[in-house]
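At position 291 of the sequence shown the residue is numbered 716 (my numbering), and the sequence of numbers has no breaks. A virtual CB, placed ideally from N, CA and C, is assigned to each residue, including glycine. On a predicted model such as this, the values are computed, not experimentally measured, just so you know. Below you'll find the structure, written out as structure tokens, and then a few comments.
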Amino acid sequence: MELTQNQLQKGITLLNQHVVNIKGMVGSLYIHYWGGDTALKSNMPHKHSFFEICYIVSGSGVYLENDKEYPLSKGTLFISRPHFNHQIISQNDLYILFVAFEPIYAETTDQGKELFQRLAAVEPFLIKNEEDCFIEIMWKLLILQAQRITNFIHDTIISSSCSLIFSIVQQFFIDNYKVSDVNHQPGSTTHIHRAKLFIRDNLSQPLRLKDVADNLHISSRHLSRLFTEELGVSFTQYVRNERINQAALLLTTTDLSIKAIASQTGFDTVHYFTTVFKEIIGVTPGEFNKQLTTNY
Numbered sequence: 426m427e428l429t430q431n432q433l434q435k436g437i438t439l440l441n442q443h444v445v446n447i448k449g450m451v452g453s454l455y456i457h458y459w460g461g462d463t464a465l466k467s468n469m470p471h472k473h474s475f476f477e478i479c480y481i482v483s484g485s486g487v488y489l490e491n492d493k494e495y496p497l498s499k500g501t502l503f504i505s506r507p508h509f510n511h512q513i514i515s516q517n518d519l520y521i522l523f524v525a526f527e528p529i530y531a532e533t534t535d536q537g538k539e540l541f542q543r544l545a546a547v548e549p550f551l552i553k554n555e556e557d558c559f560i561e562i563m564w565k566l567l568i569l570q571a572q573r574i575t576n577f578i579h580d581t582i583i584s585s586s587c588s589l590i591f592s593i594v595q596q597f598f599i600d601n602y603k604v605s606d607v608n609h610q611p612g613s614t615t616h617i618h619r620a621k622l623f624i625r626d627n628l629s630q631p632l633r634l635k636d637v638a639d640n641l642h643i644s645s646r647h648l649s650r651l652f653t654e655e656l657g658v659s660f661t662q663y664v665r666n667e668r669i670n671q672a673a674l675l676l677t678t679t680d681l682s683i684k685a686i687a688s689q690t691g692f693d694t695v696h697y698f699t700t701v702f703k704e705i706i707g708v709t710p711g712e713f714n715k716q717l718t719t720n721y
């Protein structure tokens with residue numbers, strides 16, 4: 426059962442529209458995005474604050490995580506865990522399916538919380554036997570099912586999505602215990618949401634427009650236009666505001682030095698950090714700290 430890129434994008438677009446929150450017996454998940462590519466190109470090193478599960482349908486490549494290499498080939502199932510630097514290097518037309526999610530802990534049982542804590546520390550890489558391809562079949566059927574959406578969304582694609590994700594999660598623990606419509610493209614809201622997540626989780630990096638656009642597999646020009654149209658600010662302005670918002674949070678909630686906070690939020694020098702901080706907040710980081718001390 427092969428899907429063309431157009432079929433893939435049509436189903437994924439509908440999944441991103443309708444499957445955002447799912448609830449299982451042990452807990453609920455917030456789905457950040459569904460994705461897939463029949464010819465994935467290499468991406469830049471980055472990290473997430475959430476889980477991202479990936480399955481290789483065909484092709485070959487390498488998955489890098491914290492300087493450790495894992496070969497990618499047909500039937501490979503792997504998970505990018507929160508806060509781990511990672512990168513996919515495509516060597517031969519990687520056909521990949523992926524889904525990004527995080528637990529909603531307020532709606533998760535103690536058993537579920539323990540499950541996701543263990544998942545964050547599990548070995549991230551599995552090679553499944555090519556004959557044991559039920560994950561691929563479930564995933565492709567879900568994408569096809571999304572294209573035939575009915576009024577019974579919860580009992581169809583949401584239920585199937587829940588079954589798929591929890592079935593995949595189970596695979597990591599089982600193995601560890603053993604030792605054509607061209608108009609159907611990912612929506613602008615999905616692109617912006619993924620861009621904002623990428624920026625939030627990689628503020629210490631340079632975060633050039635091209636790097637973020639490449640990660641989303643869209644053009645720099647298109648991403649720049651989306652920021653202006655959807656958020657009312659330029660890409661550069663948004664990144665700068667996010668850096669300062671994070672810096673203000675760190676100043677409020679940690680004892681880190683101003684130099685350390687400048688570095689963690691992507692500023693090359695303390696002087697430049699201080700200049701931008703005062704321009705946006707109205708006071709320097711030092712004055713901001715003094716105000717906090719005075720208030721408390």
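Beta-carbon proximity list for residue i, same chain, < 8 Å, skipping 5 on both sides
| i | result |
| --- | --- |
| T533 | V451, G452, S453, F541 |
| T709 | T699, F702, K703 |
| V604 | The predicted model places V604 with a pLDDT of 36, which falls under 50 and marks its position as unreliable; any figure quoted below should be read in that light. So the list is empty, once near-sequence residues are dropped. |
| V658 | F652, N666 |
| R543 | F598 |
6 Å CB neighbourhood of residue i in its chain, flanking five on each side removed
| i | result |
| --- | --- |
| A672 | I686, T690 |
| D518 | A464, G484 |
| G461 | L433, I437, L522 |
| R668 | L628, T690, G691 |
| L717 | none |
| Y495 | Y488, F550 |
| D535 | none |
| T501 | I481, I552 |
Local conformation of residue i per DSSP, three classes
| i | result |
| --- | --- |
| F476 | strand |
| D636 | helix |
| F698 | helix |
| E490 | strand |
| F660 | helix |
| L428 | coil |
| H647 | helix |
| F503 | strand |
| V681 | Sequence check: residue 681 is Leu here, not Val. Reduced to three states, the DSSP call for L681 is coil. |
| N446 | strand |
| G436 | helix |
| P496 | strand |
| T653 | helix |
| V594 | helix |
| I582 | helix |
| T690 | coil |
| H471 | strand |
| T615 | helix |
| S453 | strand |
| L567 | helix |
Residue i burial status per 10 Å Cβ neighbour count (16 or more: buried)
| i | result |
| --- | --- |
| V637 | buried |
| K435 | buried |
| E654 | exposed |
| T615 | buried |
| L497 | buried |
| S592 | exposed |
| R646 | exposed |
| E539 | exposed |
| I562 | exposed |
| R407 | In the structure displayed, the chain extends from 426 to 721; residue 407 sits before or after that span and is not available. |
| R711 | Before going further, note that residue 711 is Gly rather than Arg in the sequence given. Classification of G711: exposed, given that the 10 Å Cβ count is below 16. |
| V482 | buried |
| A620 | buried |
| K684 | exposed |
| Y663 | buried |
| F598 | exposed |
| K466 | exposed |
| H696 | exposed |
| F559 | exposed |
Chain-order list of residues whose beta-carbon lies under 7 Å from that of residue i (same chain, five-residue window excluded)
| i | result |
| --- | --- |
| F526 | L454, Y455, I456, H457, F475, F476, I590 |
| D606 | Note that D606 scores 41 on pLDDT, short of 50, meaning its location in the model is unreliable; the coordinates nonetheless yield the value given after this. These residues qualify, in order along the chain: N431, K435. |
| L567 | I582, S585, S586, L589 |
| Q570 | T581, I582, S585 |
| I578 | H443 |
**Residue ranges of each alpha helix (DSSP H) within the segment 510-564, 4 or longer** = Runs found: 535-544.
**Prompt:** For the 8 Å Cβ check, are there 3 or more pairs between the segment 469-487 and the segment 430-442?
**Reply:** The segment 469-487 vs the segment 430-442: no contact.
**Message:** Does the contact criterion of 3 or more C-beta pairs under 8 Å hold for the segment 626-637 versus the segment 467-474?
**Reply:** Because the criterion of three Cβ pairs below 8 Å is met, the segment 626-637 and the segment 467-474 touch.
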